[in-house]
DNA sequence: CGGTGCCTTGATTTTCATCAACACCTGTGG
DNA sequence: CCACAGGTGTTGATGAAAATCAAGGCACCG
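Chains as they are written, first to last, in our numbering: chain Z, 49 to 290; chain P, 49 to 290.
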């Protein structure tokens with residue numbers, strides 16, 4: 049979907065790649081050229097790690113294509129998935145939190161292409177480019193709000209409602225229309241879903257089986273198509289509409 | 049503990065009130081005087097609401113004294129407590145998230161004194177006062193990190209561990225040394241704790257009773273003293289040390 | 001074609017919510 | 001000054017939800 053990407057080189061990249069994205073939409077061509085010239089482009093295979101929790105935060109990132117999964121690992125080795133990031137979004141923006149290490153691990157949920165810049169440029173970006181600060185704040189606000197929703201869900205909803213809400217969230221954020229419904233556009237396992245909803249892969253499997261029998265979803269290995277979103281909304285309960 | 053506070057007036061307030069606080073620690077006297085002159089001071093009774101979820105975010109706040117409880121209400125009327133805010137902290141900083149409504153409700157958990165400023169000054173503060181932006185970012189980072197911890201806890205830990213971790217968090221953030229241990233410095237009910245940990249007041253009551261029998265805590269109506277924090281740490285499990 | 005990772009499904013067990021009842025403290029108003 | 005109401009806290013009995021235990025099947029990759 050994206051033109052040829054050579055790691056480390058963005059000369060071939062068109063400025064129009066950035067002009068539509070909110071953090072840069074207010075800028076003119078020369079400004080965007082400057083930004084691109086300072087950027088490093090890179091491709092990540094599915095499953096590879098962009099940066100790890102606790103690592104020195106030396107760069108901040110923009111996701112051009114693919115999906116990033118933000119993960120934390122507990123001392124006992126369990127993983128929990130904090131959120132997913134889609135194309136066009138900033139991530140790894142530790143400088144916006146005045147942090148010098150990344151608070152979580154970022155893994156490519158599917159093949160990804162990123163741009164990144166050294167953190168020392170963060171201050172320049174915020175100061176020089178109108179809209180950049182606002183947009184990164186907005187990103188933060190959205191993530192904080194989403195985390196607040198997750199806490200509320202985990203604290204008050206039953207497993208079935210949480211899993212339904214989780215599917216809906218993914219469908220909304222990165223759904224792709226297919227013949228029979230809307231497909232989640234990146235590979236995802238029962239285990240992954242359990243790590244998002246604080247349950248077990250067994251329970252998720254049972255729920256998906258039941259929903260498949262009822263014609264709400266269709267799924268094959270690592271792929272899920274939601275065929276009746278409205279029924280999922282009902283299942284996700286009264287808090288789903290927030 | 050604070051000098052006489054008259055709502056709306058800060059003339060009597062000493063500049064030294066702010067000089068020690070991180071958001072303002074880099075500023076000189078005249079700057080702080082300017083900031084104070086633009087501020088509105090106000091006292092809140094225990095239980096009163098500072099601002100409500102969804103309300104237009106017209107002011108941002110600094111807590112001088114007391115404890116603020118940040119609360120969300122689900123469509124079904126259940127409350128969940130997102131976090132507590134202690135003296136010296138900024139709150140209601142919707143502008144830092146590029147939001148124009150408050151994302152949650154702020155209630156005085158104990159008698160509180162605040163300073164506040166109209167949001168239109170936010171931009172000035174960030175631009176004119178060195179350290180202010182960094183500090184508000186740091187606040188955001190800390191809250192985001194804390195929320196991430198809560199999600200991890202809710203998703204992976206048992207109720208007993210979550211309640212233990214919750215008590216420890218409050219003891220760390222606003223504990224006061226007393227004869228027999230460390231007391232949580234604001235009134236708190238079993239119900240409150242259940243709203244923080246996603247459980248029921250019954251379960252919290254049972255846990256506290258058990259811990260009291262084992263000499264880990266002492267509690268009277270709305271007050272809790274932790275007498276053996278180290279044993280709570282053990283109970284809070286391997287993730288407690290994060 | 002063998003192995004690894006992913007998925008399914010039944011049986012059992014555990015945890016915790018729910019239901020129910022009551023005791024206690026504190027402040028209020030007759 | 002006492003009664004009483006409302007918010008708070010305790011504790012037992014019961015049941016439901018979901019984790020855990022267990023076993024096997026299926027798809028994809030090398």
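Glycine residues also receive a C-beta, built at the ideal position from the N, C-alpha and C atoms.
Just so it is clear, the structure is predicted and the values come from calculations on it, not from any experiment.
Within the stretch 66-80 of chain P, no residue has a Cβ lying closer than 7 angstroms to any Cβ of chain Z. With a threshold of 8 angstroms between beta carbons, residue 112 (chain P) makes no contact with chain Z. Put simply, of P:258, P:138 and P:189 the residue whose alpha carbon is nearest the alpha carbon of residue 117 (chain P) is P:138. Closest by C-alpha distance to residue 80 (chain P), out of P:231, P:61 and P:114, is P:61. Close partners of residue 128 (chain Z) in chain P (Cβ separation under 8 angstroms): 199, 200, 203 and 204. Using a 10 angstroms sphere on the CB of residue 263 (chain Z), the tally of other CB atoms stays under 16, which defines it as exposed. The three-state reading of DSSP puts residue 234 (chain P) in coil, since its state is none of H, G, I, E or B.
Chain Z places a beta carbon closer than 8 angstroms to that of residue 144 (chain P), counting this residue as a contact. Relative to the Cα of residue 144 (chain P), the nearest Cα in the group P:187, P:130 and P:215 belongs to P:187. Separation of the CB atoms of residue 274 (chain P) and residue 229 (chain P) is rounded to 5 angstroms, and the pair is thereby assigned contact status at 8 angstroms. Using a Cβ-Cβ cut-off of 8 angstroms, residue 182 (chain P) counts as an interface residue toward chain Z, since at least one Cβ of chain Z sits closer than that to its own.
Rounded to the nearest whole angstrom, the C-alpha separation of residue 240 (chain Z) and residue 249 (chain Z) is 8 angstroms. Note that the C-beta distance between residue 184 (chain P) and residue 71 (chain P) is below 8 angstroms. With respect to the C-alpha of residue 128 (chain P), the residue from P:89, P:68, P:269 and P:246 having the closest C-alpha is P:246. With contacts defined as CB atoms closer than 8 angstroms, residue 141 (chain Z) and residue 108 (chain Z) qualify as a contacting pair.
Of the residues P:171, P:277, P:91 and P:190, the one whose Cα lies closest to the Cα of residue 156 (chain P) is P:91. In the DSSP secondary-structure assignment, residue 166 (chain Z) is bridged to Z:107. The three-state reading of DSSP puts residue 266 (chain P) in strand, counting E and B together. Within the stretch 182-196 of chain P, those residues whose Cβ lies closer than 9 angstroms to any Cβ of chain Z are, in chain order, 182, 183, 184, 185, 186, 187, 188, 189, 190, 191, 192, 193, 195 and 196.
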